[in-house]
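The sequence shown begins at 615 in this note's numbering and counts up one residue at a time.
We treat Cβ as the ideally placed atom computed from N, Cα and C, and that holds for glycine.
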Amino acid sequence: MASSMRSLFTDHSRYVESFRRFLSNSTEHQCMQEFMDKKLPGIIASIGDTKSEIKILSIGGGAGEIDLQILSKVQAQYPGVHIINEVVEPSAEQITKYKELVAKTSNLENIKFAWHKETSSEYQNRMMEKKELQRWDFIHMIQMLYYVKDIPATLKFFHSLLATNAKILIILVSGASSWQKLWEKYGPRLPRNDLCQYVTSSDLTQMLDELGIKYECYDLLSTMDISDCFIDGNENGDLLWDFLTETCNFNTTAPPDLKAEIMKDLQKPEFSIKKEGKVLFNNSLSFIVVEA
């Protein structure tokens, strides 16, 4: 994500910690919550019309926090209707956390859960081999397209799985966020990892246009407090540097000139705003709703 595991560090535990620091220093989840509360009810208003059950497919569902928020909105829209919720998630650790969350959450009696430990492309291959494609009423891909090798083919495939009135919700960093500027300027000078790619809503809407797929795009402002990045030897700042650059121990291993250049840029208005003594990086998100 800006908030998901966009790259894999060699030291996985350090990556998990840097991601945790990102979440605690950013308004990422609050931003998603605002969208779920204000926009999602209208988006899902017709996905279950005249249907005896609603089928939801979560691609890259992680530990399930956002998934359960989505499910509660669907339940509120269609009280008592049976819901099938299938989750495609490559991390066994995340699936375990998801199952634990479900176990301690009430009011899920009318929802049947199934988890598949696989990537979206593994799911796609498995479905193609079966030759009987299941239709879905709502598919969501939250902060996961950074890991997909062929995004247009993935969009086309999942779009083909939509039932009548169905929708796909895609969340990823906005083309208007500072991630886009950071990647464009420094991506070629940072160590790359074949498992992830730099992609924002600008790239995605262009792909959808080329595929002739209808969509709506909503942008919501989110920020990340990176003030600690400018304090020498600050542990929180070091971990945020790792997250910003997708590089393990960036602060201690980066060439000094590269670090100085990024540090200077991050304090400029086109990357961050300064407010009440804090430096707030633009982490804005795009919510793209694809129509059947």
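Once DSSP output is grouped into helix, strand and coil, what is the label at ILE670? strand
Thinking just about the alpha-carbon of each residue, which of GLU667, GLY674, VAL716 is nearest to the one in TYR692? Cα-wise, what sits closest to TYR692 is GLU667.
Nearest to TYR800 by CA position, among SER841, HIS730, GLU875, is which residue? Considering only SER841, HIS730, GLU875, the residue with the shortest C-alpha distance to TYR800 is GLU875.
Could you name the residues that DSSP lists as bridge partners for MET838? SER640, PHE895
From what residue to what residue does the alpha helix (DSSP H) around VAL716 run? Per DSSP, VAL716 belongs to the alpha helix (DSSP H) from 706-717.
Closest by CA to ASP663, which one among GLN683, LEU769, ASN779? ASN779
Please state if the CB of GLN683 and the CB of MET650 are separated by a distance shorter than 8 Å. Contact: yes.
For PHE857 versus SER638, is the C-beta spacing smaller than 8 Å? Not in contact: PHE857 and SER638 (Cβ atoms no closer than 8 Å).
Rounded C-alpha distance that separates ASP817 from GLY826: 14 Å
LEU654: first and last residue of the uninterrupted alpha helix (DSSP H) it sits in: 654-657
Take the Cβ of GLN708 as the centre, count every other Cβ of all protein chains shown within 10 Å, and call the residue buried at 16 or more, exposed below. buried
Between SER617 and HIS773, what straight-line distance do the alpha-carbon atoms span, to the nearest angstrom? Below a pLDDT of 50, predicted positions are generally treated as unreliable, and SER617, at 37, falls in that range; no measurement from the model is reported.
What would DSSP say about TYR692, mapped onto helix, strand or coil? coil
In the DSSP assignment, find the beta strand (DSSP E) that holds ASN779 and state where it starts and stops. Run containing ASN779: 776-787, per the beta strand (DSSP E) assignment.
Restricting to runs no shorter than 4 residues, where is the alpha helix (DSSP H) found entirely within the region 720-778? 734-744, 765-773
If contacts are defined as beta-carbon pairs under 8 Å, then TYR629 and GLY675 qualify, I think. What distance do you get, rounded to the angstrom? So it is not a contact: roughly 19 Å between Cβ atoms.
Three-state secondary structure (DSSP) of TYR629: helix
Can you grab the Cα-Cα spacing for the pair ARG634 / THR861, in whole Å? ARG634 and THR861: Cα-Cα distance of roughly 15 Å.
Buried or exposed by the 16-neighbour rule on C-beta atoms within 10 Å, applied to GLN738: buried
For ILE673 and SER734, which I take to be in contact (beta-carbon distance under 8 Å), what is that distance rounded to the nearest angstrom? 5 Å
Given a cut-off of 8 Å on the beta-carbon distance, is the pair ILE697 and ILE658 in contact? no
List the whole-angstrom C-beta distance separating LEU786 from THR814, where the pair is believed to meet the contact cut-off of C-beta under 8 Å. 7 Å
Between the CA atoms of LEU880 and SER574 - distance to the nearest angstrom: The requested residue 574 does not occur in the structure, where the chain is confined to residues 615 to 906.
Quick one: grab the DSSP three-state call for TYR800. helix
According to DSSP, simplified to helix, strand and coil, what is CYS843? Reduced to three states, the DSSP call for CYS843 is helix.
Spatial neighbours of GLU830 within its chain, please: C-beta separation below 6 Å, excluding the five flanking residues on both sides. So the qualifying residues of the chain are VAL903.
Please go through the same chain and pick out, in chain order, the residues whose beta-carbon is closer than 8 Å to the beta-carbon of THR768, but skip the five residues on each side of it. So the list reads SER734, SER735, GLN738, LEU759, VAL762, once near-sequence residues are dropped.
Assign THR837 to buried or exposed, taking buried as 16 or more other Cβ atoms, counted over all protein chains shown, within 10 Å of its Cβ. buried
Going by beta carbon distance, what residues of the same chain come within less than 8 Å of ILE845, once the five residues before and after it are set aside? GLY851
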